[in-house]
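The structure appears below as structure tokens.
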Amino acid sequence: MAEVLHVLSGAAIPFGPKDAFRSAITNKKKLEGKVFVTRAGIEGDEQGNKVTHGGPDQVLHQYSSDHYAAWRRELPELAPHLTAPGAFGENLSTRDMTEATVCVGDIYRCGTARVQVTKTRHPCWRLNVRFGDSRMSHRVQETGRIGWYLRVMEEGTVGAGEPLVLEHRPHPDWPLTRLIRAMFGDPMNYPLLEELVALPELASSAKDIAIKRLATRTLEDWRKRMETPDGA
336 MAEVLHVLSG AAIPFGPKDA FRSAITNKKK LEGKVFVTRA GIEGDEQGNK
386 VTHGGPDQVL HQYSSDHYAA WRRELPELAP HLTAPGAFGE NLSTRDMTEA
436 TVCVGDIYRC GTARVQVTKT RHPCWRLNVR FGDSRMSHRV QETGRIGWYL
486 RVMEEGTVGA GEPLVLEHRP HPDWPLTRLI RAMFGDPMNY PLLEELVALP
536 ELASSAKDIA IKRLATRTLE DWRKRMETPD GA
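Just remember that the working numbering sits 335 ahead of the position in the sequence shown, which is counted from 1.
Written out as structure tokens, the structure reads:
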């Protein structure tokens, strides 16, 4: 059964070129005991860019601890960054859940809280700075080891060692691997995008991107999101 290994939070701190940005990706700390999760998130947890990283559809970021071994195997130079959970800025470090086994709209009971899967991460240049690798955002996107976001449907407490119990799966034909394909792997597949925008549980930020692609028949420029700003 899927299990929470760690609950993490962190305040946003100066980050990036000349500390001109803010991010909590390097500042996630493990929390002890039962942690209360509200619809706004974990107390003390922050996002440096609330336009792209915050909001009710992206309250918690979940990342599979199962991916850490693959990263260490493929890129041993990253090992110093992968000695503790939170390397990818996650709030929930979990076991036995991956993008292949989780679906859009899934509802899980975790402790006394209920959460719903809304979208995957859209890897950005902060990963490049975090890992000291100018192509890390591309690597994360290309491998599909991205992680996903949750909205909080019922507030409650969550703690390490607690199971994540699937309560409802409205879209079994939409595992996150398929969402990743639609957003990144085959991004101009119009029939796939049309199916995607019909999912009511999908985060509005992802839905808006798909709607714009369908309307304009063009792909948005990923460079601003993925390429590290000069001086970082």
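Just so it is clear, CB atoms sit at the ideal spot from N, CA and C, and this is done for glycine as well. Model, not experiment: these values are computed from the prediction.
- Between the region 449 to 458 and the region 409 to 417 there are fewer than three inter-stretch CB-CB distances shorter than 8 Å, so the stretches are not counted as touching.
- Across the structure, Tyr484 and Thr418 are spaced so that their CA atoms are roughly 23 Å apart.
- Taken through DSSP and simplified to helix, strand or coil, Ser469 comes out as coil.
- In this structure, Glu425 and Tyr398 form a Cβ contact; the two beta carbons are roughly 4 Å apart against a cut-off of 8 Å.
- Secondary structure within the region 487 to 549: the alpha helix (DSSP H) runs of 4 or more consecutive residues, fully enclosed, are 511 to 515, 525 to 532 (chain order).
- Judged by their CB atoms, Cys438 and Pro507 are nearer to each other than the 8 Å cut-off.
- Pairing Glu489 with Phe371, the inter-Cα distance amounts to about 11 Å.
- One thing to note: Ala337 has its Cβ within 8 Å of the Cβ of Asp431.
- Taken atom to atom, the span from the alpha-carbon of Ile360 to that of Ala448 is near 24 Å.
- The criterion of a C-beta distance shorter than 8 Å is not satisfied by Gly379 and Ser428.
- The three-state secondary structure of Pro349, taken from DSSP, is strand.
- Looking at the backbone, the Cα of Gly440 and that of Arg504 are separated by about 7 Å.
- In the three-state scheme derived from DSSP, where H, G and I count as helix and E and B as strand, Gln476 is classed as helix.
- DSSP, read as helix, strand or coil, puts Gln451 in strand.
- Below 8 Å, too few C-beta pairs join the region 526 to 538 and the region 461 to 479 to call them touching: fewer than three.
- Scanning its chain for C-beta atoms nearer than 6 Å, with the 5 sequence neighbours on each side dropped, one finds around Pro522 the residues Leu554, in chain order.
- For His396, the uninterrupted beta strand (DSSP E) segment begins and ends at 395 to 399.
- Within 10 angstroms of the beta-carbon of Thr563 lie 16 or more other beta-carbons, which makes it buried.
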